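Numbering (the working numbering), first residue to last: 2 to 131. One structure is given below, encoded as structure tokens.
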Amino acid sequence: MRDSAGNVFLADCPARLAIEIITNKWSVVVLFALSRRPCRHGELVGLVGGISRKVLTQTLRRLQSYGLVERRAYAEAPPRVEYSLTELGTTLVEPIAVLTDWARSHGEAIASFQEAAEGGPAAEGPATES
């Protein structure tokens with residue numbers, strides 16, 4: 002696969018780094034959660050089902066280090082911190098939405114295929130009476 006940036010399979014290619022960032026399970030989910038509005042850490046834990054506070058913190062820090070998420074601390078009592086997408090982070094909203102639509106359309110087919118490959122009920126065929 003080639004594009005104007007070169008071969009995306011080379012280890013030092015910037016496109017490969019970008020692909021690695023967005024293929025992280027939690028990165029995509031957190032970016033999508035922040036696409037609607039800025040959120041506090043606790044709100045994100047509630048929005049992103051199944052993520053621990055520790056993993057969320059690690060994910061947010063990683064996304065910040067790539068310039069995709071901004072952390073804003075407010076000088077209030079008690080302290081308030083919100084996370085939001087940066088301008089660069091916002092550019093991922095549309096591609097993530099396209100992938101999400103694809104997953105909604107084809108997720109059931111993938112799950113059925115996987116179940117059949119693992120020898121689940123779909124692989125056994127229709128049930129028959131004895």
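Ideal placement from N, C-alpha and C gives every residue a C-beta, glycine not left out. Bear in mind the structure is a predicted one, so any value in this text is a computation, not a measurement.
{"Query": "C-beta neighbour in chain B for Glu116, strict 8 Å", "Result": "Any reference to chain B falls outside this structure, which holds one protein chain only."}
{"Query": "Nearest-angstrom Cα separation, counted from Ser85 out to Gln59", "Result": "15 Å"}
{"Query": "Contact under 8 Å by Cβ, Leu89 with Gly68", "Result": "yes"}
{"Query": "Alpha-carbon to alpha-carbon, Tyr75 and Leu64", "Result": "20 Å"}
{"Query": "Rounded separation between Pro80 and Arg73 - CA only", "Result": "11 Å"}
{"Query": "Buried/exposed call for Leu61, threshold 16 Cβ in 10 Å", "Result": "buried"}
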